[in-house]
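Okay, structure first, notes after.
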Amino acid sequence: MNKIINKWLYTVAVLAILLSGCTKVLDKRDLNVVDDGIWEDEGQATLYVNNLYEDNMPPMSLGTNESYVDESYSSSQSITDLIYGFLGPNDIDAVKELHKDNYHLIRQINICIEGLENSSLAEELKKPILGQALFFRAWRYWQMVKLYGGVPMVNRVQDPFFETDLNIPRSRTAESIDLIVNDLDLAIEYLPVDWTLDKDKGRINSGAAAAFKGRVLLTWASPLFNRSDDPGRWQRAYDANTQAVDLLAQMTVPRALYPDFSGIFTTNVLSNPEAVIYRRYDAGAGSDYTSSWEGRVRPTSGGGSGLSTPTWELVQAFPMANGKHINDPGSGYDPERFWNNRDLRFYATVAYNGSDWEMNGRDMTKIWTYLRSIHENNRTPATGFYNKKATNPSIAENNVSQTSTSWIELRYAEVLMNLAECANELGNQSQAIELIGRIRERAGIDAGGGTYGIPSSVSKEGLREIIMIERQVEFAFENKRYWDLRRRLMFRTDLGNYAKKLNGAQRHGLDIRPATPWDKVITDAASPYKGWKRIDTVVLLHPIDIEDVENYKTYFTTALKTLESTIGGTQQSFNYPELYDFFAVPSSFLQTSPAVEQTKGWVNGTFDPLQ
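Residues in the sequence shown are numbered consecutively from 6, following this note's numbering.
Rendered as structure tokens:
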């Protein structure tokens with residue numbers, strides 16, 4: 006086991022670069038078969054944990070689950086079957102997060118935990134390594150528990166060849182949560198507040214583990230799991246997030262909000278005070294260690310595919326610069342110039358017809374989203390908008406598919422939001438307003454009387470709605486919205502006048518077309534623009550003042566369009582039933598683990614995930 010496995014050398018070298026900047030190359034082992042001697046050597050044990058990072062750190066997730074909610078739209082059958090409620094109690098294989106591959110990864114983590122617990126390595130060397138492994142076990146289990154409720158909790162090394170060793174009943178959900186939290190408590194105890202060496206930057210520290218614990222307990226306190234609204238769960242979540250804030254403040258560079266919202270994902274993640282849990286990408290380390298979000302969302306003229314387009318519902322959710330919802334009296338919202346006087350996050354997320362968007366390698370400085378613009382190779386964004394979230398205009402057009410844009414799984418803004426939500430549920434509206442005010446201040450919202458557009462006399466219910474809308478816009482396309490809607494039961498529950506349930510609702514976009522006669526094709530053989538529409542020459546050669554409503558209407562017509570799929574002659578709406586609160590155990594798992602009960606509500610289901 007001590008010889009170098011040559012085929013893994015490059016992988017380990019790159020991992021060392023991405024995780025810690027370390028230039029020392031250690032051998033990559035088969036994580037399922039190891040010599041117990043590695044746990045007596047700090048370097049070899051660290052190598053093993055490095056491999057756990059590679060296998061378990063969340064990958065680039067910008068845009069993940071966007072079409073399951075009201076952020077974007079897709080007609081993919083796997084998506085529409087779920088959100089339109091076509092899956093019934095017999096469709097148990099629709100969601101397959103609970104599978105043997107996850108337990109294979111957990112087995113690798115357990116090998117590390119057991120090995121370190123039984124080693125004679127000095128405690129001050131052992132505990133930081135052990136703390137990282139405990140974090141990953143908690144992380145891996147939470148990915149299943151948040152979808153299924155209680156799952157088989159295996160906290161020992163299983164024998165993959167001994168069938169009964171893999172056949173373990175589901176733990177009660179409360180027990181699963183307690184085991185996850187226990188692992189995180191130990192991780193918080195064992196891990197340093199900060200890693201002092203540059204080569205270790207990016208490793209999980211105590212504040213990161215506490216922040217993740219805060220996320221877990223926030224969900225446990227939310228209506229998905231907490232049907233009786235037990236205040237003890239909210240207090241537990243409040244305490245966890247308070248601890249996270251305290252620990253993150255003790256880092257060498259204390260965690261804080263990055264001052265420029267538009268640069269959160271484009272600044273160097275190692276020097277970004279907002280990054281709490283992240284996966285670093287580096288184009289210099291090879292194509293396997295790059296991200297491609299830039300190429301996904303940029304328009305064709307910028308080298309991209311123009312996907313992940315924001316819906317009209319998301320566009321409307323952003324508050325005005327005075328902090329008011331667009332439908333609030335006195336908001337100042339102009340429906341014909343909907344882009345005016347919005348908070349800064351709007352302009353960093355949404356590219357609309359005629360807005361500014363300069364990109365390296367792109368000649369035009371304006372972006373046009375009208376139907377079949379020749380400047381976009383006759384392609385049209387599905388919703389009438391392009392996505393600017395986490396984009397970097399300095400990236401060259403020919404490099405957009407392989408960038409160094411890192412993924413921040415958990416940022417400091419989420420810790421503040423989580424704490425604010427808990428404070429509000431416990432009746433401390435003043436603290437919640439102060440915390441949300443910090444985030445709104447960065448968004449350029451007017452301070453007003455110091456509450457950044459939030460009435461100081463707001464009720465718990467009113468502030469709850471504000472917080473959830475605030476999360477919707479702050480974390481747009483960051484794979485947070487789907488999980489927020491699930492935990493708050495917002496597919497079928499209204500939170501107020503503006504945060505309406507999704508069930509029964511449809512998503513929309515803007516259908517923007519050239520007005521007559523600007524939609525006519527140039528047929529003059531002598532014209533250098535033969536084959537272009539007249540509007541294509543106008544936007545290239547002559548300025549269109551989009552702030553002048555009449556001037557804008559001279560060139561464009563705008564209509565609201567419904568995006569939902571038409572199936573069986575009916576245009577569908579969201580229909581996410583209660584059955585989907587907790588998903589079915591896939592058939593492949595049941596076949597190999599007969600001790601595992603199926604989830605109630607699904608065929609032959611007996612396991613209650615609310616226990």
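From the three backbone atoms N, C-alpha and C, an ideal C-beta is built for every residue, glycine too.
Pull the bridge partners of residue i from the DSSP assignment, please.
i, result
"Leu-415", "Ile-282"
"Thr-371", "Reading off the sequence shown, one finds Lys at residue 371, where the question assumed Thr. Per DSSP, Asp-361."
"His-513", "Thr-567"
"Glu-392", "It is Asn, not Glu, that sits at residue 392 in the sequence shown. In the DSSP output, where bridge partners are listed per residue, Asn-392 has Val-355."
"Asp-612", "Here the sequence assigns Phe to residue 612, which means Asp is not the residue at that position. Beta-bridge pairing links Phe-612 to Thr-604."
"Arg-347", "Met-325"
"Thr-224", "None; Thr-224 has no bridge partner."
"Thr-408", "Ser-296"
Is the distance from the Cβ of residue i to the Cβ of residue j below 8 Å?
i, j, result
"Arg-145", "Gly-207", "no"
"Ala-192", "Leu-139", "yes"
"Gly-308", "Val-405", "yes"
"Ile-209", "Leu-189", "no"
"Arg-497", "Asn-508", "yes"
"Ile-97", "Ala-510", "no"
"Pro-236", "Arg-260", "no"
"Ala-226", "Ile-282", "no"
"Phe-561", "Asn-383", "no"
"Leu-515", "Thr-563", "yes"
"Gly-389", "Thr-408", "no"
"Thr-604", "Pro-614", "yes"
"Asp-660", "Glu-318", "Beyond the ends of the chain as shown, which are 6 and 616, falls residue 660; an answer cannot be given."
"Arg-469", "Leu-500", "yes"
"Thr-314", "Pro-386", "yes"
"Trp-147", "Val-250", "no"
"Val-554", "Glu-363", "no"
"Leu-135", "Ile-118", "yes"
"Ala-425", "Ala-437", "yes"
"Gly-458", "Arg-476", "no"
"Met-149", "Glu-102", "yes"
"Tyr-78", "Thr-316", "yes"
"Ala-50", "Leu-110", "no"
"Gln-255", "Val-198", "yes"
"Asn-332", "Asp-339", "no"
"Asn-429", "Lys-465", "yes"
Rank the options by C-alpha distance to the C-alpha of residue i and give the top, closest one.
i, options, result
"Tyr-108", "Val-162, Tyr-557, Gly-574", "Val-162"
"Thr-224", "Met-422, Thr-257, Tyr-357, Thr-396", "Met-422"
"Leu-152", "Leu-135, Thr-178, Leu-52, Thr-597", "Thr-178"
"Ala-504", "Gly-467, Arg-512, Ala-531", "Gly-467"
"Tyr-397", "Thr-354, Glu-419, Leu-431", "Rather than Tyr, the amino acid found at residue 397 in this sequence is Asn. For Asn-397, the nearest C-alpha among the options comes from Thr-354."
"Ser-267", "Gly-291, Asp-348, Pro-236, Gln-577", "Asp-348"
"Ser-598", "Glu-180, His-104, Asp-541", "His-104"
"Met-158", "Leu-121, Asn-70, Arg-175", "Arg-175"
"Gln-577", "Asn-392, Arg-512, Ile-551", "Arg-512"
"Gly-42", "Lys-538, Asp-287, Met-473, Ser-124", "Ser-124"
"Trp-298", "Leu-130, Asn-392, Gly-335", "Asn-392"
"Met-473", "Ser-462, Asp-489, Asn-246", "Asp-489"
"Glu-71", "Val-478, Thr-542, Thr-295", "Val-478"
"Leu-376", "His-547, Asp-199, Ile-517", "Ile-517"
"Ser-66", "Ala-395, Leu-595, Phe-594", "Ala-395"
"Ser-81", "Gln-255, Gly-606, Ala-600, Glu-569", "Glu-569"
"Phe-612", "Ser-211, Val-156, Asp-234, Ile-549", "Val-156"
"Asn-56", "Asp-86, Gln-137, Asp-46", "Gln-137"
"Cys-427", "Asp-234, Pro-94, Asp-60, Asp-40", "Asp-234"
"Ala-143", "Phe-587, Pro-334, Gly-219, Tyr-417", "Gly-219"
"Leu-431", "Gly-48, Tyr-263, Ile-182, Asp-244", "Asp-244"
"Arg-232", "Asp-586, Asp-86, Val-100", "Asp-586"
Closest Cβ-Cβ distance between residue i and chain D: below 8 Å?
i, result
"Ala-249", "Absent from the structure is chain D; it holds one protein chain and no more."
Next on the checklist: Whether or not the segment 90–107 and the segment 581–594 are in contact is what I'm after, with contact meaning three or more pairs of Cβ atoms, one per stretch, closer than 8 Å; do they touch?
Outcome noted: yes
Item to check | 3 or more residues per run - each beta strand (DSSP E) lying fully within the segment 265–335 | outcome: 280–284
Next on the checklist: I'd like the ranges of any alpha helix (DSSP H) spanning at least 4 consecutive residues and lying wholly in the segment 515–593.
Outcome noted: 539–546, 554–560
Checklist entry - Does the segment 475–485 come within contact of the segment 412–423, defined as at least 3 CB pairs closer than 8 Å? => result yes
Checklist entry - Are there three or more Cβ pairs, one per stretch, closer than 8 Å when the segment 520–536 is compared with the segment 107–122? => result no
Checklist entry - Of all the alpha helix (DSSP H) runs that stay within the bounds of the segment 450–508, which reach a length of 4 or more residues? => result 465–479, 486–492
Checklist entry - Which whole runs of the alpha helix (DSSP H) in the segment 171–208 are 4 residues long or more, in chain order? => result 178–195
Item to check | Given 8 Å, three or more beta-carbon pairs between the segment 324–331 and the segment 530–538 | outcome: no
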